[in-house]
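Student:
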Amino acid sequence: MDLNWRKSSYSGDPNGSCVEVAQPGPGVLVRDSKNSTGPVLAFSVVQWRAFLEALD
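Reminder that position 23 of the sequence shown reads as 43 in the numbering used here, one-by-one numbering, no gaps.
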């Protein structure tokens, strides 16, 4: 399955340390932008929303 991975526009340097996110369905996947074939973290929508709210 091809996923549309996105990186924040606030990430600055394109070669810097960043994460990318994808929404393949009812959830969110997160990976290291420098290691696109490495491990992926999976979050439910509820978990992702709680994470984003904690950043505010």
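For each residue, glycine too, the CB sits at the ideal point set by N, CA and C.
Measure the beta-carbon distance from L23 to P44 and round it to whole angstroms, keeping in mind my assumption that it falls under 8 Å.
Tutor: Position 3 of the sequence shown, counting from 1, holds the residue named residue 23. Position 24 of the sequence shown, counting from 1, holds the residue named residue 44. Rounded, the Cβ-Cβ distance is 6 Å, consistent with contact.
Student: Assign L23 to one of three DSSP states: helix, strand, or coil.
Tutor: Position 3 of the sequence shown, counted from the first residue, corresponds to residue 23. L23: coil per DSSP, three-state reduction.
Student: At the level of alpha carbons, what is the spacing between Q67 and V48?
Tutor: For the purposes of this step, residue 67 is taken as the residue at position 47 of the sequence shown. For the purposes of this step, residue 48 is taken as the residue at position 28 of the sequence shown. Answer to the nearest angstrom: the Cα atoms are 9 Å apart.
Student: Can you tell me whether E40 is buried or exposed? The criterion is at least 16 other CB atoms within 10 Å of its CB, across all chains shown.
Tutor: Working through the sequence shown from its first residue, we reach residue 40 at position 20. It counts as buried.
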